[in-house]
Amino acid sequence: METILHTPGHLPLDRIDVWFQDEARFGQQNQTTRIWAETGTRPRIVKQQQFDYGYLFGAVCPVTGQTEALVSPFVNKEAMTQHMRQISHATPVGRHAVVIIDGAGWHTYDTAAEFKNLTLIKLPSYSPELNPIEQVWSWIRQHCLSNRVFSGYDEIVDEVSKAWNHFISIPDRVRKMCNREWIKLI
Numbered sequence: 001m002e003t004i005l006h007t008p009g010h011l012p013l014d015r016i017d018v019w020f021q022d023e024a025r026f027g028q029q030n031q032t033t034r035i036w037a038e039t040g041t042r043p044r045i046v047k048q049q050q051f052d053y054g055y056l057f058g059a060v061c062p063v064t065g066q067t068e069a070l071v072s073p074f075v076n077k078e079a080m081t082q083h084m085r086q087i088s089h090a091t092p093v094g095r096h097a098v099v100i101i102d103g104a105g106w107h108t109y110d111t112a113a114e115f116k117n118l119t120l121i122k123l124p125s126y127s128p129e130l131n132p133i134e135q136v137w138s139w140i141r142q143h144c145l146s147n148r149v150f151s152g153y154d155e156i157v158d159e160v161s162k163a164w165n166h167f168i169s170i171p172d173r174v175r176k177m178c179n180r181e182w183i184k185l186i
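Okay, structure coming up:
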């Protein structure tokens with residue numbers, strides 16, 4: 001019932017854009033992955049002992065290929081509200097954004113209360129497979145940020161921003177990776 005009360009019933013479906021939002025932590029405790037090397041050699045990968053992190057708030061609209069992102073040193077309701085503000089500003093006049101979110105503690109309906117063109121809908125608990133942006137985090141880690149060493153928070157922010165921009169540089173990649181048949185409203 002709570003979900004139904006938060007959906008825009010006054011708008012036709014062809015004016016609603018479905019967005020998927022999540023955040024991921026990136027930092028000095030990065031993952032290592034396999035790499036190519038000459039036969040008979042064993043490449044060395046450095047594993048950092050420092051613990052600086054940054055958080056990437058990301059959102060994708062698989063149908064249009066639109067994306068929005070925000071890098072923050074922490075996750076809380078204020079950062080979430082700022083990210084919702086970005087999505088609201090990216091939504092064209094006359095359209096409405098339905099943002100699908102998970103159940104994180106800072107994902108509360110009041111973070112979208114000030115935006116008339118945006119509605120939040122929560123996914124069921126423990127269902128990351130229903131949020132296509134989870135695949136974006138895997139892609140960014142695997143293709144851009146694995147086997148890396150970062151000097152500190154500023155470099156983490158720079159490299160995470162570059163990784164996100166690299167991912168979204170091909171809008172068709174966003175559509176193909178994040179689109180699902182069950183997302184289409186019409």
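Mapped onto the UniProt record's numbering, the consecutive letters of the sequence shown carry residue numbers 1 to 186.
Positions of the beta carbon are idealized from the N, C-alpha and C atoms, including for glycine.
Everything numeric in this text was worked out from a predicted model, so none of it was measured.
Taking only runs that begin and end inside the region 121 to 182, name each unbroken alpha helix (DSSP H) of 4 or more residues, in chain order. 133 to 140, 153 to 168, 171 to 178
N- and C-terminal bounds of the beta strand (DSSP E) containing Glu-68: Position 68 of the sequence shown, counted from the start, is the residue given in the question as residue 68. Glu-68 -> beta strand (DSSP E) spans 66 to 72.
Specify the secondary structure class of Gln-28 as computed by DSSP and reduced to three states. Your numbering for residue 28 matches position 28 in the sequence shown. Note that Gln-28 has pLDDT 47, beneath the 50 cutoff, so the model's placement of it is unreliable and the number below is only indicative. It is coil, neither helix nor strand.
I'd like to check one pair, Pro-132 with residue 199: are the Cβ atoms closer than 8 Å? Residue 199 falls outside the range modelled here, since the chain spans only 1 to 186, and no answer is possible.
Is it buried or exposed for Phe-150, if we count other Cβ within 10 angstroms and need 16 for buried? Counting from one through the sequence shown, the residue named residue 150 turns up at place 150. Answer is buried; the Cβ neighbour count reaches 16.
Note down the Cα distance separating Gln-66 from Ile-100, rounded to an integer number of angstroms. Start at 1 with the first residue of the sequence shown, and residue 66 comes out as number 66. Start at 1 with the first residue of the sequence shown, and residue 100 comes out as number 100. Each residue's alpha carbon lies about 15 Å from the other.
Asp-102: which of Gly-9, Pro-124, Thr-111 sits nearest, CA to CA? Translated into the one-based positions of the sequence shown, residue 102 becomes position 102. Taking only the C-alpha atoms, the option nearest Asp-102 is Pro-124.
Starting from Ala-112, follow the beta strand (DSSP E) in both directions and report where the run begins and ends. Reading the sequence shown from its first residue, position 112 is the one you call residue 112. No beta strand (DSSP E) contains Ala-112, which DSSP labels as neither H nor E.
Would Trp-137 and Ala-69 be called neighbours here (beta carbons separated by less than 8 Å)? Locating residue 137 in the sequence shown gives position 137, where the first residue counts as 1. Locating residue 69 in the sequence shown gives position 69, where the first residue counts as 1. Result no, Cβ atoms of Trp-137 and Ala-69 do not sit closer than 8 Å.
Which partner residues does Gly-54 have in the DSSP bridge list? Residue mapping note: residue 54 aligns to position 54 of the sequence shown, counting from 1. Answer by DSSP bridge pairing, in chain order: Phe-26.
Does the distance from the C-beta atom of Trp-19 to that of Ile-121 stay below 8 Å? In the sequence shown, counting from the first residue as 1, residue 19 sits at position 19. In the sequence shown, counting from the first residue as 1, residue 121 sits at position 121. No.
Per DSSP, Ile-16 forms a beta bridge with which residues? Numbered from 1 along the sequence shown, position 16 holds the residue referred to as residue 16. The partner list for Ile-16 (beta bridge, DSSP) reads His-96.
To the nearest angstrom, how far is the alpha carbon of Trp-139 from that of His-166? Counting from 1 along the sequence shown, the entry for residue 139 is found at position 139. Counting from 1 along the sequence shown, the entry for residue 166 is found at position 166. One C-alpha to the other measures close to 11 Å.
Go ahead and label His-107 buried or exposed: buried means 16 or more other beta carbons lie within 10 angstroms of its beta carbon, across all protein chains shown. Numbered from its first residue, the sequence shown carries residue 107 at position 107. Answer is buried; the Cβ neighbour count reaches 16.
Give me the Cβ distance between Leu-11 and His-96, rounded to the nearest whole Å; I'm assuming they're in contact under 8 Å. Counting from one through the sequence shown, the residue named residue 11 turns up at place 11. Counting from one through the sequence shown, the residue named residue 96 turns up at place 96. Confirmed, about 5 Å.
8 Å contact criterion, which Val-174 and Ile-168 should meet: CB distance rounded: Position 174 of the sequence shown holds residue 174. Position 168 of the sequence shown holds residue 168. The Cβ separation is near 6 Å, so the contact holds.
By alpha-carbon positions, which one of Cys-178, Pro-92, Glu-155, Arg-85 ends up nearest to Glu-129? Within the sequence shown, numbered from 1, the residue matching residue 129 stands at position 129. Considering only alpha carbons, the answer is Cys-178.
Gly-9 to Cys-144, Cα distance in whole Å? Indexing the sequence shown from 1 puts residue 9 at position 9. Indexing the sequence shown from 1 puts residue 144 at position 144. Distance between the alpha carbons of Gly-9 and Cys-144: 41 Å.
Please go through the same chain and pick out, in chain order, the residues whose beta-carbon is closer than 8 Å to the beta-carbon of Ile-156, but skip the five residues on each side of it. What you label residue 156 is simply residue 156 of the sequence shown in a count that begins at 1. Result list for Ile-156: Phe-26, Gly-27, Gln-28, Asp-52, Tyr-53, Gly-54, Phe-150, in chain order.
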